[in-house]
Amino acid sequence: MSDPIFERIAIVGAGLIGSSIARAAAAYGAAGSVSLYDASDDVRARAEALDLGNVTETLADAVQQADCVILCVPVGALAPVAKAAVAHMKPGAILTDVGSVKKQAAEALISADNGAVQIIPGHPIAGTEQSGPEAGFPSLFKNAWHILTPQDGKDESYAAAVQQLTDFWTALGAKVETMDPARHDRVLAITSHLPHLIAFNIVSTAFDMETVEQGEVVKFSAGGFRDFTRIAASDPVMWRDVFLNNKEAVLECLGRFSEDLAALQRAIRWGDGDLLMQEFSRARTIRKAIIDAGQDSGAVNFGRNQNGAKEDG
């Protein structure tokens, strides 16, 4: 096994992402040791029972000897947690995060800068609808993108820190790319945030229908609706903070989506089959491009139907 990228890392927040980092760092030898802290007594106890690393009673104990501190907390909590962490970090250590809104996350981390640590915001584009320390697994980041949004105008030591953090995520199996925070937020608004908003809304709408009282929406759920419910089962605290902190980009995408949806609504009302065919055919080409890029499997119905049955609708 090769030498670890970091001798010691500290993870603050032992949920799905934090526990997966702990497991992956140990499994792939990316860190010599892992310390963890979570503000919840219950989560700390569960993380300790799972042997995820050295679970500490205070944030200070977790971060003070770490070469890299990874904040795995909701975006809305980043500013106070970053400030508390930096106060106890050793000079030259790296402070990073996993927030899916990078402009606000970068501002939160940079506001805690004391001039002695290297602040490099980041976001692993990976996850599941599960949460908690039990939900993590070491292969979560394998072949997933990890986006770093490093600061401009920094010195050579900062560039070396960015490279070291890149090497760490590469060791966990991720593909690393750097990006401007504002660009990141625009891209993720359409590829992640808006789809989650739609999922939350369509599931809520379905369960407000009177037929739910007889259990029909659940009983006759087609595959498409089941996939929406999976997305809508994601951590509500995390997604509340995502929408509150990336509202400009999300609202811009939502406006465009509403216009396009209105056009489809008119096509259905007026029986414009040509427009429907045009839009549905274009959507198929995007799905093929995602499969060709290795971002998803081309297995029929996500492999749900082993006999190749047609998607129910």
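Taking the working numbering, the leading residue of the sequence shown gets 1227, the next gets one more, and so forth.
For every residue, glycine included, the Cβ atom is placed at its ideal position computed from N, Cα and C.
Residues of its chain near residue i, where Cβ-Cβ distance is below 6 Å and the 5 sequence neighbours each way are ignored
{"i": "ASP1467", "result": "PRO1300, VAL1301, GLY1302"}
{"i": "ILE1373", "result": "HIS1349, GLU1403, MET1405, HIS1410"}
{"i": "PRO1407", "result": "LYS1328, LYS1329, ALA1332, THR1375"}
{"i": "GLN1532", "result": "Here GLN1532 scores only 47 on pLDDT, less than 50, and its place in the model is too uncertain to base an answer on."}
{"i": "ALA1458", "result": "ALA1425, PHE1426, VAL1429"}
Collapsed DSSP secondary structure at residue i in the structure displayed
{"i": "ILE1457", "result": "helix"}
{"i": "THR1284", "result": "coil"}
{"i": "THR1375", "result": "coil"}
{"i": "LYS1316", "result": "coil"}
{"i": "GLY1353", "result": "coil"}
{"i": "ASP1498", "result": "coil"}
{"i": "SER1463", "result": "Here the sequence assigns Val to residue 1463, which means Ser is not the residue at that position. Three-state DSSP puts VAL1463 in a helix."}
{"i": "ASN1472", "result": "coil"}
{"i": "VAL1327", "result": "coil"}
{"i": "GLN1504", "result": "helix"}
{"i": "ALA1338", "result": "coil"}
{"i": "PRO1364", "result": "helix"}
Any C-beta of chain B under 8 Å from that of residue i
{"i": "LEU1242", "result": "This model lacks chain B altogether; it includes just one protein chain."}
Own chain residues within Cβ distance below 7 Å of residue i, not counting five before or after
{"i": "ALA1286", "result": "HIS1314"}
{"i": "SER1540", "result": "Here the chain comprises residues numbered 1227 to 1539, so residue 1540 is not present and cannot be evaluated."}
{"i": "ALA1387", "result": "ILE1320, GLN1344, ILE1346"}
{"i": "ASP1393", "result": "ILE1231"}
Paired residues, beta bridge with residue i - DSSP
{"i": "ARG1234", "result": "SER1259"}
{"i": "LEU1321", "result": "VAL1295, ILE1345"}
{"i": "THR1404", "result": "LEU1374"}
Nonlocal neighbours in the same chain, by C-beta distance under 8 Å from residue i, ignoring five residues either side
{"i": "GLN1290", "result": "HIS1314, MET1315, LYS1316"}
{"i": "CYS1298", "result": "ILE1237, VAL1238, GLY1239, ALA1240, GLY1241, ILE1243, GLY1244, ILE1247, ASP1323, VAL1324"}
{"i": "ALA1250", "result": "ALA1256, PRO1364, SER1365, LEU1366, PHE1367, LEU1398, GLY1399"}
{"i": "GLU1233", "result": "ALA1257, GLY1258, SER1259, ASP1293"}
State whether the region 1386 to 1398 contacts the region 1416 to 1431, with contact taken as three or more CB pairs (one from each stretch) at a distance under 8 Å.
-> Under the Cβ criterion (8 Å, minimum of three pairs), the region 1386 to 1398 does not count as touching the region 1416 to 1431.
Length-filtered (4 minimum) alpha helix (DSSP H) runs lying within the region 1390 to 1435 | Qualifying alpha helix (DSSP H) stretches, in chain order: 1407 to 1414, 1420 to 1434.
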